[in-house]
Amino acid sequence: MPDGQILEFSEVTKRFGTIDAVSRLSARIEPGLVTGFLGPNGAGKTTSLRMLLGLVRPTSGTTTIGGSHYSELRDPLRTVGAALEASSFHPGRSGANHLKVYAQAAGLPTGRIDETLALVGLSDAAGRKVGGYSLGMRQRLGLATALLGDPGVLVLDEPSNGLDPEGIKWMRMLLRAFADEGRTVLVSSHLLMEIQQTADRLLILARGRLVFDGGIEDLADPDEYATVVDAPDRAALEAALTAAGHSFEVLRSGLTVRGAEPVEVGALAAASGIALSGLQRRGPELEEIFLALVDGTRVHPPVGETAAIPAVDEDAPLAPENDPAPETSEITEAPDVEVPLDTPVPEGAAEAAREDAAGASEVAPADHTAPVEETAAPDEQQGAAADDLAPAAESGEAPASDSEPAEGETSDADPAPTEAIQITEPTDEAEPHPEADDREEGGRA
Numbered sequence: 037m038p039d040g041q042i043l044e045f046s047e048v049t050k051r052f053g054t055i056d057a058v059s060r061l062s063a064r065i066e067p068g069l070v071t072g073f074l075g076p077n078g079a080g081k082t083t084s085l086r087m088l089l090g091l092v093r094p095t096s097g098t099t100t101i102g103g104s105h106y107s108e109l110r111d112p113l114r115t116v117g118a119a120l121e122a123s124s125f126h127p128g129r130s131g132a133n134h135l136k137v138y139a140q141a142a143g144l145p146t147g148r149i150d151e152t153l154a155l156v157g158l159s160d161a162a163g164r165k166v167g168g169y170s171l172g173m174r175q176r177l178g179l180a181t182a183l184l185g186d187p188g189v190l191v192l193d194e195p196s197n198g199l200d201p202e203g204i205k206w207m208r209m210l211l212r213a214f215a216d217e218g219r220t221v222l223v224s225s226h227l228l229m230e231i232q233q234t235a236d237r238l239l240i241l242a243r244g245r246l247v248f249d250g251g252i253e254d255l256a257d258p259d260e261y262a263t264v265v266d267a268p269d270r271a272a273l274e275a276a277l278t279a280a281g282h283s284f285e286v287l288r289s290g291l292t293v294r295g296a297e298p299v300e301v302g303a304l305a306a307a308s309g310i311a312l313s314g315l316q317r318r319g320p321e322l323e324e325i326f327l328a329l330v331d332g333t334r335v336h337p338p339v340g341e342t343a344a345i346p347a348v349d350e351d352a353p354l355a356p357e358n359d360p361a362p363e364t365s366e367i368t369e370a371p372d373v374e375v376p377l378d379t380p381v382p383e384g385a386a387e388a389a390r391e392d393a394a395g396a397s398e399v400a401p402a403d404h405t406a407p408v409e410e411t412a413a414p415d416e417q418q419g420a421a422a423d424d425l426a427p428a429a430e431s432g433e434a435p436a437s438d439s440e441p442a443e444g445e446t447s448d449a450d451p452a453p454t455e456a457i458q459i460t461e462p463t464d465e466a467e468p469h470p471e472a473d474d475r476e477e478g479g480r481a
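Here is the structure:
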């Protein structure tokens, strides 16, 4: 079984003209874990993965796999299996024949084709033409291409797209099994709930910058949560909590207890013979925290620092422990709102300001108009994500030559098979970013 490798981004920046698609990204992905690469569409996730796989040249910084750049790997296709989002296949070629042509071009053994198709659940569709595959089946075929070399590192970009609930569950189990074998798994997604249920560790990217790096349990500060409990005999409940050493705050909705989970408070009440009329956990949901990190209203404290403990808002929605948001909810970035600086002052405002100034201070002249302060407009946001670059990489890692059809095939002679990691010159720095104009106007990918 192949060993996992450490993946590392070191101060990586990719600039397209004046747009920083990725800005000073530094992260270390360890073997034996499922690492989720999370961010809204256009955050820079795919650009980062392309730089890791040698498909895009960074403007500055380095990316390494096991300490080496991808181009320096001795046997890259057996080291890294990659399935990027933009996958294309010859529509007239069967799934099995696609893998056969790819394996022959990449120098991989063809003996693993049947095993790999079975692993991704395509054995029954192996002889069918890819043109008749559903989106979910194409996702599975892309994953099969990435797994053909039995790699120790798996890099997947939005692998759950097109999968039904059963397929998503299967994907989770596959990634978990891979990581448990000691392999390295890096998977990107814009679906928070999907990553939350799969990953051991999160990297969150927003506008090309890393805004969070840590475990799922580190995403929310425990002090941001509190247990709200109430009972018909509130005095008895207060006495029981005090005797157990719990501090609490008395609110209209009940007693707010910090530092204790609902199950602990409930057990205490039961042991004291107190019937409860309410028991809830109150605090922010992970999706709210994610959105706050992405739009910049929340900054995750560095290691060793503790976020300020917020007051409990009685009108805030409850956060049930076992009631996550729908799995299919899509996380998108809130649009920027531009406030023009040349907004005209309403008629009569200057006169009102003079009267206020005269009444407030005898020193101010009667005809002096209080200046209207104008706040400087924020700089154009740079570093908007550049995920949707030219579709150069597909699932797998090397281009598969398609100059001659496989024996017995007559419809395979033209387009090339899936090209996961093209053995070509990396994209030049001067390559125009397809969405650069939109970025400068505040658009989103």
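Under our numbering, the sequence shown has 279 at position 243, and the numbering climbs by one with no breaks. The beta carbon of each residue, even a glycine, is placed where N, CA and C say it ideally should be. Treat the numbers as computed from the prediction; the structure is a model and nothing was measured.
**Asked** Is the CB-CB distance between R208 and Q233 below 8 Å?
**Response** Yes, the Cβ-Cβ distance between R208 and Q233 is below 8 Å.
**Start-to-end residues for the beta strand (DSSP E) that takes in R164** = Premise fails: R164 is in no beta strand (DSSP E) and is neither H nor E.
**Asked** If you draw a straight line from the C-alpha of T11 to the C-alpha of T292, how long is it?
**Response** With the chain running from 37 to 481 in the structure shown, residue 11 is simply not present.
**N- and C-terminal bounds of the alpha helix (DSSP H) containing V301** = P298 to A307 is the extent of the alpha helix (DSSP H) around V301.
**Item:** Start and end residues, alpha helix (DSSP H) containing D150
**Value:** Its alpha helix (DSSP H) spans residues I149 to L155.
**Request:** Measure from the alpha carbon of A216 to the alpha carbon of each residue in L227, L239, I204 and V189, then state which is nearest.
**Result:** Looking at the sequence shown, residue 216 is not Ala but Asp. For D216, the closest alpha carbon among the candidates L227, L239, I204 and V189 is that of V189.
**Request:** Would you tell me roughly how many angstroms separate the C-alpha atoms of S283 and E260, rounded to the nearest one?
**Result:** Straight-line Cα distance between these residues: approximately 15 Å.
**Asked** Just reading off the alpha helix (DSSP H) that A262 is part of, what are its end residues?
**Response** Looking at the DSSP string, A262 is not in any alpha helix (DSSP H); the run it does join, the beta strand (DSSP E), is A262 to D266.
**Asked** Among residues of its own chain, excluding the 5 on either side of E230, which ones have a beta-carbon nearer than 6 Å to its beta-carbon?
**Response** Once the five neighbours on either side are set aside, the close Cβ partners of E230 are S196.
**Prompt:** Less than 8 Å separating the beta-carbons of G251 and R237?
**Reply:** Taking a C-beta distance under 8 Å as the contact criterion, G251 and R237 qualify as a contact pair.
**Asked** Any idea which residues DSSP pairs R243 with across the strands?
**Response** Answer is none; R243 lacks a bridge partner.
**Request:** Could you check what DSSP says for I55 in three-state terms: helix, strand or coil?
**Result:** Here I55 carries a strand assignment [DSSP, helix/strand/coil].
**Request:** Could you check what DSSP says for A79 in three-state terms: helix, strand or coil?
**Result:** If DSSP states are grouped into helix, strand and coil, A79 belongs with coil.
**Asked** Does the region 105 to 115 come within contact of the region 177 to 188, defined as at least 3 CB pairs closer than 8 Å?
**Response** The answer is yes - the region 177 to 188 touches the region 105 to 115, with three or more Cβ pairs under 8 Å.
**Prompt:** Can you check whether the CB of S289 is closer than 8 Å to the CB of D269?
**Reply:** No, the pair does not count as a contact, with Cβ atoms beyond the cut-off.
**Item:** Burial state of S104 (16 or more Cβ within 10 Å)
**Value:** Exposed, because fewer than 16 other Cβ atoms sit within 10 Å of the Cβ of S104.
**Asked** Rounded to a whole number of angstroms, what is the C-alpha to C-alpha distance between A256 and R86?
**Response** In a straight line, the C-alpha of A256 is about 30 Å away from that of R86.
**Simplified DSSP assignment, three categories, for L329** = Here DSSP, grouped into helix, strand and coil, assigns L329 to helix.
**Request:** Please look up how many angstroms separate the CB atoms of E482 and S225, rounded, as I've assumed it's under 8 Å.
**Result:** Beyond the ends of the chain as shown, which are 37 and 481, falls residue 482; an answer cannot be given.
**Item:** Under the three-state DSSP convention, the category Q316 falls into
**Value:** Residue state, collapsed to three classes: strand.
**Request:** Mind checking who S96 pairs with in its DSSP beta bridge?
**Result:** DSSP lists T49 as partners of S96.
**Item:** Exposed unless 16 or more other CB atoms sit within 10 angstroms - verdict on R129
**Value:** In this structure R129 is buried. Its beta-carbon is surrounded by 16 or more other beta-carbon atoms within 10 angstroms.
**Prompt:** Cβ of E44 within 7 Å of any heavy atom in the ligand NAD?
**Reply:** This structure simply doesn't include the ligand NAD, nor any ligand for that matter.
**Request:** May I ask you to report which of helix, strand or coil DSSP gives R294?
**Result:** Residue state, collapsed to three classes: strand.
**Prompt:** Per DSSP, what kind of secondary structure is E285 in: helix, strand or coil?
**Reply:** Note: E285 maps to strand in three-state DSSP.
**Asked** Using the rule of at least 16 other Cβ atoms within 10 Å of the residue's Cβ for burial, across every protein chain shown, is L287 buried or exposed?
**Response** L287 comes out exposed.
**Asked** A139: buried (16+ other C-beta within 10 angstroms of its C-beta) or exposed?
**Response** It is buried - the Cβ of A139 has at least 16 other Cβ atoms within 10 Å.
**Message:** With the cut-off set at 8 Å, would you say A119 and T181 are in Cβ contact?
**Reply:** Taking 8 Å as the Cβ cut-off, A119 and T181 qualify as a contacting pair.
**Asked** Roughly how far, in whole angstroms, is the beta-carbon of L74 from the beta-carbon of L277, given that I think they are within contact range, below 8 Å?
**Response** With 8 Å as the limit, L74 and L277 do not qualify as a contact, their Cβ atoms being about 38 Å apart.
**Prompt:** Do you know offhand how far A307's Cα is from A275's?
**Reply:** So the two alpha carbons sit approximately 13 Å from each other.
**Request:** State yes or no: is the beta carbon of P94 nearer than 8 Å to at least one beta carbon in chain C?
**Result:** Considering every chain present, this structure includes no chain C. It has just one protein chain.
**Request:** Return the Cβ separation of L192 and R176 in integer angstroms, given the expectation that the two are a contact with Cβ distance under 8 Å.
**Result:** Their Cβ separation, rounded to whole angstroms, is 12 Å, which puts L192 and R176 out of contact at 8 Å.
**Prompt:** Closest to T49 by CA distance: which of L322, I325 and A63 is it?
**Reply:** The shortest C-alpha to C-alpha distance from T49 to any of L322, I325 and A63 is the one to A63.
**Asked** Given T152, which residues of its chain have a CB within under 8 Å of its CB, disregarding the five upstream and five downstream residues?
**Response** Excluding positions up to five away in sequence, the list reads L135, A180, L183 and L184.
**Request:** With DSSP as the reference, label R237 as helix, strand or coil.
**Result:** Three-state result, R237: strand.
**Asked** In its own chain, which residues sit with a C-beta less than 6 Å from the C-beta of T95, not counting the 5 before and 5 after it?
**Response** Excluding sequence neighbours, T95 sits near T49, K50, R51 and E465.
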